[in-house]
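Reading through the structure tokens given below for one structure.
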Amino acid sequence: MANAIAQNIIHLQEALPAQVRLIAVSKTHSAAKIRLAYAAGIRDFGENRLQEALEKQAELQDLPDICWHFIGHLQKNKAKKAIAHFDWIHTIDSLDLAQKLNQYAADVENPANCCLQIKPLPDPNKFGWEIPQLFAELPELAACEHLKIQGLMTILPRGLGEQATQAAFQQVADLRDQLNQTTGFPFLLTELSMGMSGDYSLAIRAGATMIRLGQRIFGDRDQ
Ligand SMILES: *Cc1c(COP(=O)(O)O)cnc(C)c1O
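This is the structure:
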């Protein structure tokens, strides 16, 4: 198993463009497996449950250069811990959550960098903004002056074909560019967090700067 994880990472690192940040999604996997990925060169790890992540962070305190990414739906009552204990939160998925995080970010020395979660296609099973709704709430988001909003994130609906996947990733990339040209929106968005094990090549083609890979690195999830 150790070998398989290291092999997967080596193959990915050979193939990925240098500007793409590889996040190993370690949800459901043990701290021991995170150590194996770390030994193979990974420094970015993604978790989707706050409690599970905090436990692993405690077990891995001897690896201080790990960069922790929160990639799950964040409940508002956990916003305070999340902004303080993660380097990145990819999943700001509502104005309510943004405002809560903004409030706590004011009191934290190093608040997490953040991305806004976008739904380029309607998807009742996912959180996040559809594009018209994001524009409607832009003024209130712009007022979240303590947030470090760095980019956009997306998870596409299941079962899209290759062309639809490519088009949806491109829509998110175009939205990023459009927001950067919108006067009154104070954040410069450099990041595009998009692409999972099944679709990361297409995401990179559309300009992804961060890809989030679980199964492609660790194999099937433990749970
Ligand atoms: C689980 C998860 C991933 C990784 O998915 P894989 O298909 O295992 O690569 C990426 N992003 C998010 C938000 C996830 O929840």
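Counting along the sequence shown from 1, when you hit position 148 you're at 177 in the working numbering, and nothing is skipped either side. Note that CB positions come from ideal geometry on N, CA and C, so glycine has one too. Only a predicted model underlies this, so the values are computations on that prediction, with no experimental measurement involved.
Taking DSSP as the reference, what is the three-state secondary structure of residue 177?
Taking the first residue of the sequence shown as 1, we reach residue 177 at position 148. The answer is strand: DSSP assigns residue 177 an E or B state.
Taking the DSSP output, what are the residues bridged to residue 118?
The residue labelled residue 118 in the question sits at position 89 within the sequence shown. According to DSSP, residue pairing for residue 118 in a beta bridge involves 99, 143.
Through-space distance from residue 166 to residue 35, alpha-carbon basis
What you label residue 35 is simply residue 6 of the sequence shown in a count that begins at 1. What you label residue 166 is simply residue 137 of the sequence shown in a count that begins at 1. If you draw a straight line from the Cα of residue 35 to the Cα of residue 166, it is about 43 angstroms long.
Any non-hydrogen atom of ligand 2 within 7 angstroms of residue 242 CB:
No copy of ligand 2 appears in this structure; the ligands present are ligand 1.
Once DSSP output is grouped into helix, strand and coil, what is the label at residue 218?
Numbered from its first residue, the sequence shown carries residue 218 at position 189. Coil at residue 218, not helix or strand.
Taking just the CA atoms, how far does residue 237 sit from residue 210?
As a first step, residue 210 must be located in the sequence shown, where it is residue number 181. As a first step, residue 237 must be located in the sequence shown, where it is residue number 208. Going by the C-alpha atoms only, they are around 19 angstroms apart.
Given 7 angstroms as the limit, tell me if residue 63 has its C-beta closer than that to any heavy atom belonging to ligand 1.
Working through the sequence shown from its first residue, we reach residue 63 at position 34. Outside the cutoff, so no.
Do the CB positions of residue 54 and residue 100 come within less than 8 angstroms of each other?
Against the sequence shown, residue 54 aligns to sequence position 25. Against the sequence shown, residue 100 aligns to sequence position 71. Contact flag set, yes.
If you drop the 5 nearest sequence neighbours on each side, which residues of the same chain put their C-beta closer than 8 angstroms to that of residue 244?
Taking the first residue of the sequence shown as 1, we reach residue 244 at position 215. Cβ within range, chain order: 226, 250.
Need the endpoints of the beta strand (DSSP E) that residue 53 sits in, please.
Along the sequence shown, read from residue 1 onward, the residue named residue 53 stands at position 24. First-last of the beta strand (DSSP E) with residue 53: 50-54.
Considering only their Cβ atoms, is the gap separating residue 185 from residue 205 smaller than 8 angstroms?
Working through the sequence shown from its first residue, we reach residue 205 at position 176. Working through the sequence shown from its first residue, we reach residue 185 at position 156. Not closer than 8 angstroms, so no.
Go through its chain and collect everything with a Cβ distance to residue 233's Cβ below 8 angstroms, but skip five positions before and after it.
Translated into positions along the sequence shown, residue 233 becomes position 204. Closer than 8 angstroms at the Cβ level, and outside the excluded window around residue 233, lie 45, 46, 49, 224, 240.
So, under 8 angstroms CB-CB, residue 195 and residue 242 are touching, yes? Tell me the CB distance rounded to an integer number of Å.
Translated into the one-based positions of the sequence shown, residue 195 becomes position 166. Translated into the one-based positions of the sequence shown, residue 242 becomes position 213. Separation of the CB atoms of residue 195 and residue 242 is rounded to 18 angstroms, and the pair is thereby denied contact status at 8 angstroms.
Tell me which same chain residues have a C-beta within less than 6 angstroms of the C-beta of residue 228, skipping the five on either side of it?
Taking the first residue of the sequence shown as position 1, residue 228 is located at position 199. Spatial neighbours of residue 228 in its own chain (CB-CB distance under 6 angstroms, excluding positions within 5 residues in sequence) are listed in chain order as 194.
Which word fits residue 191, buried or exposed, when buried means at least 16 other C-beta atoms lie within 10 angstroms of its C-beta?
Here residue 191 is taken as the residue at index 162 of the sequence shown, counted from 1. Counting of Cβ neighbours within 10 angstroms places residue 191 among the exposed residues, the total staying below 16.
Would the beta-carbon of residue 78 be found less than 7 angstroms away from any heavy atom of ligand 1?
To locate residue 78, count along the sequence shown from 1; it is residue 49. The answer is no for residue 78.
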